[in-house]
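Participant: Can you read through this structure? Questions will come right after.
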């Protein structure tokens, strides 16, 4: 059956099936499982390190070192969630997303399966959207893996209960859990721009390794440029500049300015590089 012969409901069912298949295929890859394993291990290492450091009565991050919230972990294990996300967001989480996004189209071309996917009634636009949706699903899953691992380790090693916000006010444990979930969602959304950029790069080559390496290389380059004071006029336009603004969700009241700037910037990157990926992929000569 061709794409034109599919009715509206049949097309929706077929698209959902394609998305389910893509997500399942991505999650079954050993590379993906290894990336999730590394992300799950980071909170364990941070939690154990803090427990050892404070075992003799010392304080974590006493010299002002370490990610935000690290000094509060010994008082409330929920802070390990915020610390783990702050520790993984600059490199580990985006690196994992860059690998998945970079491999999305180029990996299929390299394996010789891209042409067969397009023979099915998918269409290039629908396939590209499915690949992007799969990458975003991985963003959410990877972020939740870090958060859930951190919550489990924090509950095992440290006390839980009411917590103190950055502003010094007290909130209940239930509200703290709610904010932790909201922070995880914001972190996942913060990776949207990188996912779109990686997908665009993936349409430029038939080598999955080259696409993954280029995406991760650009990530590292942008992170370095974001630390150079002489480039402060350009830095607000880097996709990673407002990543750590999720900490403002732990203020009372919440400080929304940088959070809105971050989400707006991610939407801009998604629109620009998503459009570029569509323009490239829909005109690309598929030979593999």
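Numbering (our numbering), first residue to last: 14 to 301. Positions of the beta carbon are idealized from the N, C-alpha and C atoms, including for glycine.
1. Looking at the secondary structure, which residues open and close the alpha helix (DSSP H) in which residue 259 lies?
2. Does DSSP put residue 137 in a helix, a strand or coil?
3. Where in the region 219–283 do unbroken runs of the alpha helix (DSSP H), each at least 4 residues long, occur, reported from the N-terminal end onward?
4. So, are the CB atoms of residue 110 and residue 211 less than 9 Å apart?
5. Pull up the distance between the alpha-carbon of residue 193 and that of residue 128, whole angstroms please.
6. What separation, rounded to the nearest whole angstrom, lies between the Cα atoms of residue 131 and residue 213?
7. Who pairs with residue 184 in a beta bridge, going by DSSP?
8. Among the residues of its own chain, which have a CB less than 8 Å from the CB of residue 33, if the five just before and after it don't count?
9. For residue 125, count neighbouring C-beta atoms within 10 Å of its own C-beta (all shown protein chains included) and say buried if the count is 16 or more, exposed if not.
10. Please confirm if the region 41–61 is in contact with the region 147–161, defined as three or more CB-CB distances below 8 Å between the two stretches.
11. Taking 8 Å as the cut-off, does the region 251–263 touch the region 89–99 (at least 3 CB pairs, one atom from each stretch)?
12. Determine the DSSP secondary structure at residue 56, reduced to helix, strand or coil.
13. Use the C-beta contact count for residue 284: other C-beta atoms within 10 angstroms, 16 or more gives buried, fewer gives exposed.
14. Helix, strand or coil for residue 88, going by three-state DSSP, please let me know.
15. Going straight from the alpha carbon of residue 199 to that of residue 190, what length do you get?
16. Less than 9 Å between the beta carbons of residue 224 and residue 298, yes or no?
17. Closer than 6 Å by C-beta to residue 48: which residues in its own chain qualify, once you throw out the five before and the five after it? Chain order, please.
18. Compare the C-beta of residue 85 against all C-beta atoms of chain C and say whether one is closer than 9 Å.
19. Verify whether the separation of the beta carbon atoms of residue 107 and residue 207 is less than 9 Å.
20. Could you tell me the alpha carbon to alpha carbon distance between residue 104 and residue 154, rounded to whole angstroms?
21. Check whether the region 134–150 and the region 232–248 are in contact - that is, three or more C-beta pairs closer than 8 Å.
22. Starting from residue 120, trace the alpha helix (DSSP H) in both directions and tell me its first and last residue.
23. Distance, Cα to Cα, residue 241 vs residue 232?
24. So, at 6 Å on beta carbons, what are the nonlocal neighbours of residue 255 in its own chain, with the 5 sequence-adjacent residues on each side left out?
25. Spatial neighbours of residue 170 within its chain, please: C-beta separation below 7 Å, excluding the five flanking residues on both sides.
26. Could you tell me the boundaries of the alpha helix (DSSP H) in which residue 210 lies?
27. CB-CB under 6 Å to residue 196, same chain, minus the five flanking residues each way: which ones, in chain order?
Facilitator: Let me lay it out:
1. Here residue 259 corresponds to residue number 246 of the chain shown, with the count starting at 1. From DSSP, residue 259 is part of no alpha helix (DSSP H); its letter is neither H nor E.
2. The residue labelled residue 137 in the question sits at position 124 within the chain shown. Reduced to three states, the DSSP call for residue 137 is helix.
3. 221–238
4. Working through the chain shown from its first residue, we reach residue 110 at position 97. Working through the chain shown from its first residue, we reach residue 211 at position 198. Against a cut-off of 9 Å, the Cβ pair of residue 211 and residue 110 comes out as a contact.
5. Residue 193 sits at position 180 when you count from the first residue of the chain shown. Residue 128 sits at position 115 when you count from the first residue of the chain shown. Straight-line Cα distance between these residues: approximately 42 Å.
6. Here residue 131 is taken as the residue at index 118 of the chain shown, counted from 1. Here residue 213 is taken as the residue at index 200 of the chain shown, counted from 1. Straight-line Cα distance between these residues: approximately 18 Å.
7. Position 171 of the chain shown holds residue 184. Beta-bridge pairing links residue 184 to 176.
8. For this step, residue 33 is matched to residue 20 along the chain shown. None.
9. The residue labelled residue 125 in the question sits at position 112 within the chain shown. Result: exposed.
10. yes
11. yes
12. In the chain shown, residue 56 corresponds to position 43, counting from 1. Residue 56 falls in the helix class under three-state DSSP.
13. Along the chain shown, one-based indexing puts residue 284 at 271. Result: exposed.
14. Residue numbering aside, residue 88 sits at position 75 when the chain shown is read from its first letter. Residue 88 falls in the coil class under three-state DSSP.
15. What you label residue 199 is simply residue 186 of the chain shown in a count that begins at 1. What you label residue 190 is simply residue 177 of the chain shown in a count that begins at 1. Cα-Cα distance, rounded: 14 Å.
16. One-based indexing of the chain shown puts residue 224 at position 211. One-based indexing of the chain shown puts residue 298 at position 285. No, the Cβ-Cβ distance between residue 224 and residue 298 is not below 9 Å.
17. Here residue 48 refers to the residue found at position 35 of the chain shown. Same-chain partners within the cutoff: 109.
18. Absence of chain C from the displayed structure is noted, only one protein chain being present.
19. One-based indexing of the chain shown puts residue 107 at position 94. One-based indexing of the chain shown puts residue 207 at position 194. Cβ atoms of residue 107 and residue 207: closer than 9 Å.
20. Residue 104 sits at position 91 when you count from the first residue of the chain shown. Residue 154 sits at position 141 when you count from the first residue of the chain shown. Straight-line Cα distance between these residues: approximately 16 Å.
21. no
22. Taking the first residue of the chain shown as position 1, residue 120 is located at position 107. It spans 105–124 - the alpha helix (DSSP H) in which residue 120 sits, taken as one unbroken run.
23. In the chain shown, residue 241 corresponds to position 228, counting from 1. In the chain shown, residue 232 corresponds to position 219, counting from 1. In a straight line, the C-alpha of residue 241 is about 15 Å away from that of residue 232.
24. Here the question's residue 255 lines up with position 242 in the chain shown. Excluding positions up to five away in sequence, the list reads 271, 274, 275.
25. Mapped onto the chain shown, residue 170 falls at position 157. Hits under 7 Å: 60, 64, 90.
26. Working through the chain shown from its first residue, we reach residue 210 at position 197. Note, residue 210: alpha helix (DSSP H), 205–215.
27. For the purposes of this step, residue 196 is taken as the residue at position 183 of the chain shown. Closer than 6 Å at Cβ, skipping near neighbours: 259, 262.
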